[in-house]
Amino acid sequence: MAKVLVIADIKQGVLKSSTVELLSKAKAIGAETAVVAVGSNIEFLTPDLANAGSDTQYIADDPSLELFSAGPYALCVVDAAKQFGADLIWFGFSESGKAVAPRVAAQMDAACATEITDVELSGDQVEVIRPAITNKVMQRVKVNTDKLVAVVRAGAFEATEGITGTENVVKLLPPAPDSKAVIKELVSDAIGEIDLADADIVISVGRGVKDQAGVDLVKELANDLKAGFGSSRAMVDGGFMAHNKQVGQTGKIVAPSLYMAIGISGAIQHLAGMTGSKVILAVNKDTEAPIFNVADYGIVGDLFEVVPILREEIKKIKS
Amino acid sequence: MKILTTVKKVVDVELTMHVKDGAIVEDGLQYVINAWDENAVEASVQLKENNGAETTLVSIGGGDNTDMIRRCYAMGIENGIHIDDPALDKADSSIFAKVLQKVYEKGDYDLVITGKQAQDTDSGQTGIILAEYLGLPCVSNVIAIEVMDDQHIKVSRSGDAGAEIVELELPAVVTVDVSINEPRLPQMRGIMMAKKKTIDVMDLAALGTSHDEVGAATPKSEIAEFMTSKLRKAGQKFEGDAAEITAQVVDLLANEAKVL
Amino acid sequence: MNPLLMSLLLIVGLAIFGRTMVHKILLLMALEPTDRANHIKERLKNMVILAIGQKRLVGRKKEWVSGIMHALIFWGFCILSIRTLTLFGEGFVKGYQLPFLGDDYVLGYLYIALKDVMEGIVLVMVIYAIFRRAFLRPKRLHNTWEAYFVLGMIGFLMISDLLLDGARYNLILLHNNSAQLHFFNNAQFGSEFLWTPISVGAASLISGMSAHATGLILVGMFWLHVITIMIFLNFLPLGKHFHVITALPNVFLKNLGYPHQKTKLLALEDEAAWEDESLGINHIHQLNWKQGLDLYTCTECGRCKEVCPTYTTDKPLNLHDFNDKLKLELFDNARNIIKRAKLSATIKQDSDADQNAKIKAEMAALNSKKQLIGDVIAEDTLWACTTCRACEEVCPVTIEHVPRIIAMRQGQTTMAEAYPKELNTSLKGLERNGNPWGIGYDKRADWAVGLDVKMMADDADVDYLFWVGCAGSFDDRSKKVSTSLVKILQKAGISFAILGVEEKCTGDFARRVGNEMLFQMTAQENIETLNNYKVKKIITACPHCLNTLKHEYPQMGGNYEVIHHTQFIDQLVKTGKITLNKSLEGSLTYHDPCYLGRYNSVYDQPRSILQSISKDGLKELNRHGRESFCCGAGGGRMWMEETIGKRIYLERAEEIVGQQVANVAVACPFCLTMLEDGMKELEKEEEIKTQDICELVAKNMA
């Protein structure tokens, strides 16, 4: 039986959905599961960590670990992996995951694969599937080492309903902080904003909304649905949306259940960031807009007319 | 300050990739500099212009990289190393990192700047693994670099919770994101001067290492096959009276797709 | 009158004038060379029609009245110069007559009659001109004291001569010619004064004066007149009235065969050119002498401003100001430029390298202290131009504004590496994938899939190459135009093929923004491809491609017969290969593309086609044909953001909306994009349909 160590994705004291998704997959392939959580004031999350599907919880809880720093985080993960005897070490899709995974792989002399969409075990052989060349092709990658460190693509694995685990905490000693890479400060995103990577519904605006008034109009819809509020590059470049709201090849890659593209034409760079969504709804004035080629439901119309109607109809359905 | 920049030649991602018999069809493909490495080159040149740094680039494999390297010279890079050895054809990130380690050790560099990922593999590992092999501090996904003094730089990293400001002690490794700068376009004057510059082309032996040392024969992972991406297909498109079709779609979202 | 005084006046006046002129000519000679001493007959024809005939003033519907006004002053000037010579003669010899113009000849009488009437007319025109300038104040006019001064002088010259003759009349007829003055009195033709009503009229104004006073007026007016002429003559080279002298040569020397001087193919590999910074125009001394003459000749009339799409929308490109600033810079550096040219002549190929280097250093030290772009001309000004040529089309003295702008852009890009960096995306796209959008070159022929279009690679044995262009290949809206043209060609049974993925951007926009390197790179590649296939005839749907393929590729060894689709379709109709139905409903207007109209003189064929398909005929826009208003995309501006002033395309779209038509026809993919965007922004896209002529023809073919 394989041993899968999942790195818990914790943001502002909340356990993100990727953790349960990865653990679900681990259980689905019949592996023994453990989770490692690194941070400060996170021990209270133990029940959540267990219920997410882990049978052992390695916890490194220390004030020095409050702000993310790749070096110390990697050391914690390696510590947990060695103690657990992990074969597969999985990170959820996050910047921290991408920064830490290669370090862990190097320290453990293991192979590393990023953005995997599937993992296949046949006997001793492990293979992963991942996209390459800006999502234009898929690769089947054969792993030659006995351990694999992977970063899993957003939404690639599905959470199993009713998954359970066992509480079994192992405390990790906090490592020495990285003296050569000192975190000075964190210029944080606004608190209370719904994280695009995590939201179940994401609504993004494009050039079609024209200006701040248009942005605000769509924001109302996002608020109604408690959805993540994102943007195409155009609106970020235009100064209407913050840099970290950009969904796309060079921004955030999201895979919510429902993605609404409002006034977005559907350039390839943007599609690269959201084609992993389960259902895509597009609203655009131009019937020829490329977004309609990937949308499950497309409304050809003036978004300034359609969005208020959407809000009304959604309110009706919800009540 | 001496800077080493890594530059990879990758397939032009604007082209359509055709997959046949588990491999990508080479016919009609053209190869260009990796976009993220272009940002790395620009960052290095800016450090040269603003802080008097000395810049060197290293490129591994890829066949004749002369055009690409000359282009980087035209942008302002001063020296260029090309490691060309057939043994590296199946190299994975770890092997590249090992080779880069050898290149680093042969010189006297204070800072290594790489693009955060390559457009062909989209792996994003090489720079970070290199830092591990070299035992150097590393920050990835950097969107700003500021020189503090001979021994320290301050970088801004785009993290999950916001921008992380990190102070690095040199020597260090930094991988950059596309938003760090707008790479300049090589201009005529630079291109003409680049033609006169030489490129230091070496195989592994000339580099002072061997196939075995870099583990060329034993990549930790290898690509078994390529497959076409599953394309999303167009769904239902509605045109007509805004009120009518919107109501229709909301109904479908709730009852057919069950996402509301 | 007084030979001594006359001689003195003439010698001094002419000497000063001569000196000024010599200096001005030396300055021109010190500038770069250009070949204009050819096709004398055609040049004379231009001079007669444009300069002497004042075609652009009198023949222009707009401002026809002021055009006549100036023409009359000018023609009067020409006619009265003969009188001037007579007066000079009179200064030496009493009663001097020019050959064949004495009172023995009817020609003499006709001349004095003509002179008399012209003086009256010119005087009236001058008064009107002053009134217009001072009270009507047309916006384009640059109101300076110089203008009033010169008008005043001309007016005074007329008045003084009329009073002179008036005094003569009075002395002869009222005071019994006590001074023994000469006058025409041929038995056959009668007294001179029968032929000069206006002078007689002037005489009656001063008829009450005594003989002595009248005599004083006679002498006084004579000398004042002659002195004024000398002052006038010497004043001319000092300001905008230099055009009085230089306009005829300037029109004579205008570029032939193409509306303006073609862009220079830069020798980018020439080390020497890099050294003395002569790639493009980087220093004022790098203008050629014709461009220098252009600067001398600018009359500051402001017609260029009026029609300029950028000036009209509040961008900082004021063309006569542009001329003026360059002229000032030229004059400021005149001495140094002449010195520099002399030094340059001393550089010999075979002399000592060190010696040459020394001379070059001396030359470099003579360069202007001001940055041409930056201090003299603002950057925003240089890059605002859409190269539409509206300015050149209305300029009465045929100044070639646009080539200077392109050459300066070449200098900025090549030598200073200073150009709007927002162009980088499109330049990079051009370099990598042969189109400014940077879309993979392998998708260039996708638009033609399923249309049964031949690729040259499959069969190059065809009559025509259809050059699709970047827009026609990649832009969703323009692809429809390509498809329509294919339909038309197939209907007409034309043998044609496309290059498909082998076609690359012609490089038009790269050249217009001064990027010679990329232009030459892409042109070279295209020419190789075209020559390999032995292409002879090309049809294109884009006027920019048309212009570059036809007029600029020959510079690099690509010689082809290129025509625009409107010309070709017109041919097809005329030879019966396709028939058009008059079935287009709704009122229709046509927007002339700059590069099809003003650059290639194609105005009639599009109209002929449209007339044949439109039920409601064709309504012309206010600014149409040669004075069509640019859509704003030319000169590389399509690939730049418009941040200053009003959007040019909106200005044009508003004009079209004002015309209240249901359809606007275009013949260029840029115009199509810009105007449709304009309609969308004005929320008129339902009411007014913007379509290319191809699309209209395809829909209205039999």
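Protein chains in written order, with the working numbering: chain A, 809 to 1127; chain B, 11 to 270; chain C, 13 to 714. Note that CB positions come from ideal geometry on N, CA and C, so glycine has one too.
Distance between beta carbons of residue j and residue i, contact taken as under 8 Å
i: S832 of chain A; j: E966 of chain A; result: 6 Å
i: F486 of chain C; j: I451 of chain C; result: 5 Å
i: N543 of chain C; j: V263 of chain C; result: Rounded, the Cβ-Cβ distance is 38 Å, inconsistent with contact.
i: K317 of chain C; j: N330 of chain C; result: 6 Å
i: K1086 of chain A; j: S1065 of chain A; result: 5 Å
The alpha helix (DSSP H) enclosing residue i, as first and last residue numbers
i: Y323 of chain C; result: P321 to T324
i: E283 of chain C; result: E283 to E287
i: S624 of chain C; result: D616 to I625
i: W651 of chain C; result: Here W651 of chain C belongs to no alpha helix (DSSP H), and DSSP marks it neither H nor E.
i: G484 of chain C; result: G481 to F486
i: R347 of chain C; result: A346 to T358
i: E158 of chain C; result: W157 to Y181
i: Q40 of chain B; result: Run containing Q40 of chain B: none; DSSP gives neither H nor E here.
i: I371 of chain C; result: A365 to A377
Residue i burial status per 10 Å Cβ neighbour count (16 or more: buried)
i: Y323 of chain C; result: buried
i: N14 of chain C; result: exposed
i: F143 of chain C; result: exposed
i: V912 of chain A; result: buried
i: K433 of chain C; result: exposed
i: Q40 of chain B; result: exposed
i: S902 of chain A; result: buried
i: R31 of chain C; result: exposed
i: H297 of chain C; result: buried
i: F112 of chain C; result: exposed
i: Q361 of chain C; result: exposed
i: H224 of chain C; result: exposed
Residues bridged to residue i [DSSP beta-bridge criterion]
i: K811 of chain A; result: A:E840
i: A1090 of chain A; result: A:A1069 and A:G1106
i: I133 of chain C; result: According to DSSP, I133 of chain C bridges with nothing at all.
i: Q672 of chain C; result: Note: Q672 of chain C sits in no beta bridge, so no partner.
i: R938 of chain A; result: A:Q947
i: A33 of chain B; result: B:K30
i: G172 of chain B; result: A:S996
i: C148 of chain B; result: B:V183
i: L929 of chain A; result: A:V934
i: E156 of chain B; result: B:K164
i: A509 of chain C; result: C:L477
Boundaries (first-last residue) of the beta strand (DSSP E) holding residue i
i: K992 of chain A; result: A989 to S996
i: R167 of chain B; result: H162 to S168
i: Q129 of chain B; result: No beta strand (DSSP E) contains Q129 of chain B, which DSSP labels as neither H nor E.
i: M237 of chain B; result: S231 to T238
i: I550 of chain C; result: K549 to T552
i: W898 of chain A; result: L896 to F899
i: M212 of chain B; result: D210 to M212
i: E515 of chain C; result: Unbroken run through E515 of chain C: none, as it is neither H nor E.
i: F248 of chain B; result: Q246 to E249
Residue i Cβ short of 6 Å to the ligand GTP heavy atom set
i: K548 of chain C; result: The ligand GTP is absent from the structure shown, which contains no ligands of any kind.
Check your understanding: How do the stretch 85-99 of chain B and the stretch 62-77 of chain B stand: do at least 3 beta-carbon pairs fall below 8 Å, yes or no?
Key -> yes
Practice item. Assess, as a yes-or-no matter, whether the stretch 228-236 of chain B is touched by the stretch 165-172 of chain B under the definition of 3 or more beta carbon pairs within less than 8 Å. Key: no
Check your understanding: Are at least three pairs of beta-carbons, each pair with one atom in the stretch 207-215 of chain C and one in the stretch 69-83 of chain C, less than 8 Å apart?
Key -> no
Practice item. Take every Cβ of the stretch 459-470 of chain C, pair it with every Cβ of the stretch 427-445 of chain C, and state whether three or more of those distances are shorter than 8 Å. Key: no
**Study point:** Stretch pair the stretch 817-831 of chain A + the stretch 850-862 of chain A: three plus CB contacts closer than 8 Å
**Key:** yes
Check your understanding: Are at least three pairs of beta-carbons, each pair with one atom in the stretch 43-52 of chain C and one in the stretch 248-262 of chain C, less than 8 Å apart?
Key -> no
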